[in-house]
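All remarks here apply to the structure that follows.
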Amino acid sequence: MKFGYFDDQNKEYVIKTPKTPLPWINYLGNKEFFSLISNTGGGYTFYKDAKLMRITRYRYNDVPADCNGKYFYIKDNDVIWNPGWQPVKESLDSYECHHGMGYSKFLSKKNGVETSLLTFVPLDDACEISSLTLKNNTEEKKELQVFSYLEWCLWNADDDMKNFQRNLSIGEVEIKGSAIYHKTEYRERRNHYAVYAVNAQIDGFDTDRDAFLGEYRSMENPEVVQKGKSSNSVASGWSPIASHQLNVTLNPGEEKRYIFVLGYIENQEEDKWESKGVINKKRAELLLDKYYSDAAVDEAFQELKQYWGKLLAKFNVQTKNEKLNRMVNIWHQYQCMVTFNMSRSASYYESGIGRGMGFRDSCQDLMGFVHLIPERARELIIDIASTQFKDGSAYHQYQPLTKKGNADIGSGFNDDPLWLIAAVSAYVRETGDVSILDEMVPFDNEIGTEVTLMEHLKRSFDFTVNHKGPHGLPLIGRADWNDCLNLNCFSAHPGESFQTFGPSEGPVAESVFIAGMFVKYGKEYGDLCKLIGQDDEVKRTDYEVEKVYKAVLESGWDGEWFLRAYDANGDKVGSHVCEEGKIYIEPQGFCTMANIGVKEGLAEKALSSVEHCLDTKYGIRILAPAYTTYHLELGEVSSYPPGYKENSGIFCHNNPWISIAETVLGHGKRAFDVYQKTCPAYVEEFSEVHRTEPYVYSQMIAGSDAIRFGEAKNSWLTGTAAWTFINASQYILGVYPTLNGLSVNPCIPLEFGDFTVTRNYRGQVYNIQVHNPGGVEKGVKKLIVDGIEVEGTIIPFEENKEEYHIDVWLGKE
Numbered sequence: 001m002k003f004g005y006f007d008d009q010n011k012e013y014v015i016k017t018p019k020t021p022l023p024w025i026n027y028l029g030n031k032e033f034f035s036l037i038s039n040t041g042g043g044y045t046f047y048k049d050a051k052l053m054r055i056t057r058y059r060y061n062d063v064p065a066d067c068n069g070k071y072f073y074i075k076d077n078d079v080i081w082n083p084g085w086q087p088v089k090e091s092l093d094s095y096e097c098h099h100g101m102g103y104s105k106f107l108s109k110k111n112g113v114e115t116s117l118l119t120f121v122p123l124d125d126a127c128e129i130s131s132l133t134l135k136n137n138t139e140e141k142k143e144l145q146v147f148s149y150l151e152w153c154l155w156n157a158d159d160d161m162k163n164f165q166r167n168l169s170i171g172e173v174e175i176k177g178s179a180i181y182h183k184t185e186y187r188e189r190r191n192h193y194a195v196y197a198v199n200a201q202i203d204g205f206d207t208d209r210d211a212f213l214g215e216y217r218s219m220e221n222p223e224v225v226q227k228g229k230s231s232n233s234v235a236s237g238w239s240p241i242a243s244h245q246l247n248v249t250l251n252p253g254e255e256k257r258y259i260f261v262l263g264y265i266e267n268q269e270e271d272k273w274e275s276k277g278v279i280n281k282k283r284a285e286l287l288l289d290k291y292y293s294d295a296a297v298d299e300a301f302q303e304l305k306q307y308w309g310k311l312l313a314k315f316n317v318q319t320k321n322e323k324l325n326r327m328v329n330i331w332h333q334y335q336c337m338v339t340f341n342m343s344r345s346a347s348y349y350e351s352g353i354g355r356g357m358g359f360r361d362s363c364q365d366l367m368g369f370v371h372l373i374p375e376r377a378r379e380l381i382i383d384i385a386s387t388q389f390k391d392g393s394a395y396h397q398y399q400p401l402t403k404k405g406n407a408d409i410g411s412g413f414n415d416d417p418l419w420l421i422a423a424v425s426a427y428v429r430e431t432g433d434v435s436i437l438d439e440m441v442p443f444d445n446e447i448g449t450e451v452t453l454m455e456h457l458k459r460s461f462d463f464t465v466n467h468k469g470p471h472g473l474p475l476i477g478r479a480d481w482n483d484c485l486n487l488n489c490f491s492a493h494p495g496e497s498f499q500t501f502g503p504s505e506g507p508v509a510e511s512v513f514i515a516g517m518f519v520k521y522g523k524e525y526g527d528l529c530k531l532i533g534q535d536d537e538v539k540r541t542d543y544e545v546e547k548v549y550k551a552v553l554e555s556g557w558d559g560e561w562f563l564r565a566y567d568a569n570g571d572k573v574g575s576h577v578c579e580e581g582k583i584y585i586e587p588q589g590f591c592t593m594a595n596i597g598v599k600e601g602l603a604e605k606a607l608s609s610v611e612h613c614l615d616t617k618y619g620i621r622i623l624a625p626a627y628t629t630y631h632l633e634l635g636e637v638s639s640y641p642p643g644y645k646e647n648s649g650i651f652c653h654n655n656p657w658i659s660i661a662e663t664v665l666g667h668g669k670r671a672f673d674v675y676q677k678t679c680p681a682y683v684e685e686f687s688e689v690h691r692t693e694p695y696v697y698s699q700m701i702a703g704s705d706a707i708r709f710g711e712a713k714n715s716w717l718t719g720t721a722a723w724t725f726i727n728a729s730q731y732i733l734g735v736y737p738t739l740n741g742l743s744v745n746p747c748i749p750l751e752f753g754d755f756t757v758t759r760n761y762r763g764q765v766y767n768i769q770v771h772n773p774g775g776v777e778k779g780v781k782k783l784i785v786d787g788i789e790v791e792g793t794i795i796p797f798e799e800n801k802e803e804y805h806i807d808v809w810l811g812k813e
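Taking UniProt numbering, the leading residue of the sequence shown gets 1, the next gets one more, and so forth.
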């Protein structure tokens, strides 16, 4: 069943009931100030770093679900309700939540009072704006009380949730007019504070949570709201909040609008403290004045909508398939931008405390958004490369604020280095900006260690060259893409004692998946070398890539599919000889994407095995059969119950690899079938099974071995976003950026029909019309650029040209 619908014209998903199976959220913010907001008003806000600069508090794993947010209580005589339904949960006469591009809007009615609540983060200021409009639709005067509510986090979200012996004594606030200032720790090491204000004279306030809620009460029934009068409490320690009271009189048909602004203020050196512990409010007042009027807020909102409209216009497809158009033109790209901003840091499943920005994750995310904001992709590449070590390995994660590697997680994930090559290759192919390769970038952010970015790529390439096992395959280290496949943990032959190994030291566990990566991205590294004239390095690269290619054919093929790995004992993983976990998805996709075994006919067998052994109605499982017992020699992968996560769950992230691999073989129908099975717009019909948001991807879906087959988890922050957009735009639709220009080579189902693509590439507009009169799956018969036929599939790039008109005719030679 559905709980809402897509509004493609407004680029929104409209939720018709607050009682969705799980909280369905949206992300607000594009640069440094971010908020998460659910369809019931839950969520939290932070500046730059969800761990170190958390502004509002959120409680994970709490009961009731989705506890804490920015709420507005409306008291109408004895009836109390919220525009977003929570936390009071009073039944509403009507409700809609519109999640749009960088904003969310709540439209609700109760007892003749209509509310419209619009929340967004403006493009260029560190604040969140909430515009609340109330209208009296009755024929009688309405006397209402409106109470705002948010709870401050004491900045460091990790410390905030643990260090109570200190934190219950440090909360400090100031109140000036209609502005409530959160200045906790300002007297110490901080030069920043937060403010929450409304553009009207208030009739009361509260800044102490206990005073607002009352003894042994929750946000569901605050004492202040029930009494209809704020207590004017001033927090001193304990749990500081910000709440305004507005007494609102509405005549019949009358409406009133209030602007609430939550802002982050960072003082500059020229700012002086008024006195010890008293904040300088000048910058906050300037911010609040800027958004005091309705007109200013309306203008900021229109700027936000225009920004997204212009951004998404950089890639637009029109086919006869409405759901494909919707996902490619709107939601795929939107999710790519969110994953760029967040990596795997802050969601309703990532607390914002532990992971930070992932090295591998951020590299993959970049591949999906580089066409939208290439200048910020360039900055991100430098940040990522700066966490690399001199031997080519890297911190697996780093904090976005400090740019320092996460020492708790460390390194040893041996696929990490190759993802940097993938990201830089994607950037240069998209932009043509070769100068980035000469940028001086440090190792581990240490001053004095700077080398060119191209040298960083060489170290990435050489890390794999220098870390191979007895079969000539790359060592897996602590893990590869599958973090739970920990093959160097134990030696577990019968009768032998268990032995623990370090994350990247011996012994000899090898990864066929990394081998596929090395062949694919090793070639792309070689292409970059060729582009800048490093001919000797090209020869060396070709030699090393060919060695691994042969090693996969000799030792990585199992007869009907590619092996997954060799464990620390030299035993096969992902082989027909295994009782469980006989076949894994990753090497089948990546080896075929790297063209390993294509000419030998092995790739065809591997993908056929995927369809036969791993496919389900909800997507392709990561492995089969599921592990039913714990395998010490395999590590965490077998610790999950069958059908969940890495133990035979449907990992949405690697389903696109199979779809892309099918396009390599020219299988348009199969590629599109794989794409559709996990694509949100196509699974909306069974949202009660899927449970997570029907407009974005989740990390995983419970596999056919699971009790709750088809149930999704961990939505929003997943590499699926980037890989699916890459799959749909570059391989199925076939509009692929190369170092030499834009290539058009679609791979589509026979009945797909003609389609058009408008693509911005290197500052030029490409208007592409694809014709398929013979109904073929793949094959360009004729390419016409501005009336002139061109050989091959690549449109020659011309400097200083603004627009191209391209006709592509598919067919057999």
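Virtual Cβ for every residue (Gly too), placed ideally from N, Cα, C.
Note that this is a predicted model, so its numbers are computed, not measured.
Legend entry - CB contact flag (residue 126, residue 47, <8 Å): Indexing the sequence shown from 1 puts residue 126 at position 126. Indexing the sequence shown from 1 puts residue 47 at position 47. Yes, they are a contact pair.
Inset, instruction - Measure from the alpha carbon of residue 383 to the alpha carbon of each residue in 319, 456 and 67, then state which is nearest. - result: Numbered from 1 along the sequence shown, position 383 holds the residue referred to as residue 383. Nearest option by C-alpha distance: 456.
Legend entry - Beta-ladder partner(s) of residue 176, from DSSP: Residue 176 sits at position 176 when you count from the first residue of the sequence shown. Partner(s): 179.
Inset, instruction - Taking the CB atoms as reference points, tell me whether residue 744 and residue 783 lie closer together than 8 Å. - result: As a first step, residue 744 is located in the sequence shown; it is residue number 744 there, counting from the start. As a first step, residue 783 is located in the sequence shown; it is residue number 783 there, counting from the start. For residue 744 and residue 783, yes; Cβs fall inside 8 Å.
Inset, instruction - Quick one: grab the DSSP three-state call for residue 678. - result: Within the sequence shown, numbered from 1, the residue matching residue 678 stands at position 678. Looking at residue 678 - three-state DSSP - the assignment turns out to be helix.
Inset, instruction - Please report how far the alpha carbon of residue 14 lies from the alpha carbon of residue 134, in whole angstroms. - result: The residue you call residue 14 lines up with position 14 of the sequence shown. The residue you call residue 134 lines up with position 134 of the sequence shown. So the alpha carbons of these two residues sit roughly 20 Å apart.
Legend entry - residue 690 classed as buried or exposed, judged by whether at least 16 other C-beta atoms fall within 10 angstroms: For the purposes of this step, residue 690 is taken as the residue at position 690 of the sequence shown. Classification for residue 690: buried.
Inset, instruction - Select from 195, 422, 523 and 234 the residue whose C-alpha is nearest the C-alpha of residue 360. - result: Translated into positions along the sequence shown, residue 360 becomes position 360. If we check each option's Cα against that of residue 360, 422 comes out closest.
Legend entry - Buried versus exposed, by CB contacts within 10 Å (16 or more), residue 667: Stepping through the sequence shown from its first residue, residue 667 is reached at position 667. So residue 667 counts as buried.
Inset, instruction - Check the DSSP bridge columns for residue 700 and list the partner residues they point to. - result: What you label residue 700 is simply residue 700 of the sequence shown in a count that begins at 1. For residue 700, which the question treats as bridged, DSSP gives the partners 651 and 713.
Inset, instruction - Indicate whether residue 570 and residue 562 have their beta-carbon atoms separated by less than 8 Å. - result: For the purposes of this step, residue 570 is taken as residue 570 along the sequence shown, with counting starting at 1. For the purposes of this step, residue 562 is taken as residue 562 along the sequence shown, with counting starting at 1. No, the Cβ-Cβ distance between residue 570 and residue 562 is not below 8 Å.
Inset, instruction - Within 10 angstroms of the Cβ of residue 332, are there 16 or more other Cβ atoms? Answer buried if so, exposed if not. - result: Residue mapping note: residue 332 aligns to position 332 of the sequence shown, counting from 1. It is buried - the Cβ of residue 332 has at least 16 other Cβ atoms within 10 Å.
Inset, instruction - In the DSSP assignment, find the beta strand (DSSP E) that holds residue 316 and state where it starts and stops. - result: Translated into positions along the sequence shown, residue 316 becomes position 316. Its beta strand (DSSP E) spans residues 315 to 318.
Inset, instruction - Evaluate contact between the stretch 687 to 703 and the stretch 15 to 28, counting only Cβ atoms and requiring at least three cross-stretch pairs below 8 Å. - result: yes
Inset, instruction - Go through its chain and collect everything with a Cβ distance to residue 532's Cβ below 8 Å, but skip five positions before and after it. - result: The residue given as residue 532 occupies position 532 in the sequence shown. The answer, listed in chain order, is 434, 437 and 454.
Inset, instruction - With a 10 Å radius around its C-beta and 16 neighbouring C-beta atoms as the bar for buried, classify residue 284 as buried or exposed. - result: For the purposes of this step, residue 284 is identified with residue 284 of the sequence shown, where counting begins at 1. Buried, because 16 or more other Cβ atoms sit within 10 Å of the Cβ of residue 284.
Inset, instruction - Compare the C-alpha of residue 754 against each of 810, 682, 633 and 301 and name the closest. - result: The count along the sequence shown starts at 1 and reaches residue 754 at position 754. Considering only alpha carbons, the answer is 810.
Legend entry - Rounded C-alpha distance that separates residue 370 from residue 589: As a first step, residue 370 is located in the sequence shown; it is residue number 370 there, counting from the start. As a first step, residue 589 is located in the sequence shown; it is residue number 589 there, counting from the start. About 23 Å.
Inset, instruction - Check whether the stretch 233 to 252 touches the stretch 163 to 171, counting contact only when three or more Cβ pairs, one atom from each stretch, lie closer than 8 Å. - result: yes
Legend entry - residue 577 classed as buried or exposed, judged by whether at least 16 other C-beta atoms fall within 10 angstroms: Reading the sequence shown from its first residue, position 577 is the one you call residue 577. It counts as exposed.
Inset, instruction - Using three-state DSSP, classify residue 759 as helix, strand or coil. - result: Here residue 759 corresponds to residue number 759 of the sequence shown, with the count starting at 1. Strand at residue 759.
Legend entry - Own chain partners of residue 94 with C-beta closer than 7 Å, once the 5 adjacent residues on each side are dropped: Indexing the sequence shown from 1 puts residue 94 at position 94. Counting only Cβ-Cβ distances below 7 Å, and skipping sequence neighbours, we find 108 and 109.
Inset, instruction - Could you tell me the boundaries of the alpha helix (DSSP H) in which residue 336 lies? - result: Translated into the one-based positions of the sequence shown, residue 336 becomes position 336. Counting along the chain, the alpha helix (DSSP H) containing residue 336 begins and ends at 332 to 342.
Legend entry - Cβ-Cβ separation, residue 357 to residue 388 (assumed contact under 8 Å), whole Å: For the purposes of this step, residue 388 is taken as residue 388 along the sequence shown, with counting starting at 1. For the purposes of this step, residue 357 is taken as residue 357 along the sequence shown, with counting starting at 1. Not really, about 14 Å apart at Cβ, beyond 8 Å.
Inset, instruction - Report the rounded CA-to-CA distance for residue 312 versus residue 348, giving the unit in angstroms. - result: Within the sequence shown, residue 312 is the residue found at index 312, counting from 1. Within the sequence shown, residue 348 is the residue found at index 348, counting from 1. Cα to Cα, residue 312 sits roughly 26 Å from residue 348.
Inset, instruction - Could you please give me the residues that DSSP links to residue 196 through a beta bridge? - result: Locating residue 196 in the sequence shown gives position 196, where the first residue counts as 1. Residue 196 is bridged to 180 and 262.
Inset, instruction - For residue 508, I'd like the list of residues in its chain whose CB is within less than 8 Å of its CB, leaving aside the five on either flank, ordered along the chain. - result: Counted from its first residue, the sequence shown places residue 508 at position 508. Answer for residue 508: 469, 470, 475, 566, 568 and 570, listed in chain order.
Inset, instruction - To the nearest angstrom, report how far apart residue 591 and residue 622 are at their CA atoms. - result: Counted from its first residue, the sequence shown places residue 591 at position 591. Counted from its first residue, the sequence shown places residue 622 at position 622. Residue 591 and residue 622: Cα-Cα distance of roughly 15 Å.
Legend entry - Which of helix, strand or coil DSSP assigns to residue 501: In the sequence shown, residue 501 corresponds to position 501, counting from 1. Note that residue 501 scores a pLDDT of 43, beneath 50, so its modelled location is shaky; the value from the coordinates is reported in the next line. Here residue 501 sits in coil by DSSP.
Inset, instruction - Tell me whether the beta-carbon of residue 512 lies closer than 8 Å to the beta-carbon of residue 485. - result: By one-based count along the sequence shown, residue 512 stands at place 512. By one-based count along the sequence shown, residue 485 stands at place 485. No, these two residues do not count as a Cβ contact at 8 Å.
Inset, instruction - Could you pull out every residue in the same chain whose Cβ sits closer than 6 Å to the Cβ of residue 117, ignoring the five residues on either side in sequence? - result: Reading the sequence shown from its first residue, position 117 is the one you call residue 117. Answer for residue 117: 83, 106 and 132, listed in chain order.
Inset, instruction - Could you tell me how far apart the beta carbons of residue 751 and residue 779 are, in whole angstroms, since I believe they sit closer than 8 Å? - result: Residue numbering aside, residue 751 sits at position 751 when the sequence shown is read from its first letter. Residue numbering aside, residue 779 sits at position 779 when the sequence shown is read from its first letter. About 16 Å separates the two Cβ atoms, so there is no contact after all.
Inset, instruction - Let me know the beta strand (DSSP E) ranges lying completely inside the stretch 740 to 798, each 3 residues or longer, listed in chain order. - result: 741 to 744, 755 to 761, 764 to 771, 780 to 785, 788 to 790 and 794 to 796
Legend entry - Test item: CB-CB of residue 657 and residue 364 under 8 Å: Residue 657 sits at position 657 when you count from the first residue of the sequence shown. Residue 364 sits at position 364 when you count from the first residue of the sequence shown. Going by C-beta atoms, residue 657 is not nearer than 8 Å to residue 364.
Inset, instruction - Report the option in 803, 308 and 17 whose CA atom is closest to the CA atom of residue 11. - result: As a working note, residue 11 is residue 11 in the sequence shown. Of the listed residues, the one whose Cα sits closest to residue 11 is 308.
Legend entry - Buried or exposed by the 16-neighbour rule on C-beta atoms within 10 Å, applied to residue 630: Within the sequence shown, residue 630 is the residue found at index 630, counting from 1. By the 10 Å Cβ count, residue 630 comes out exposed.
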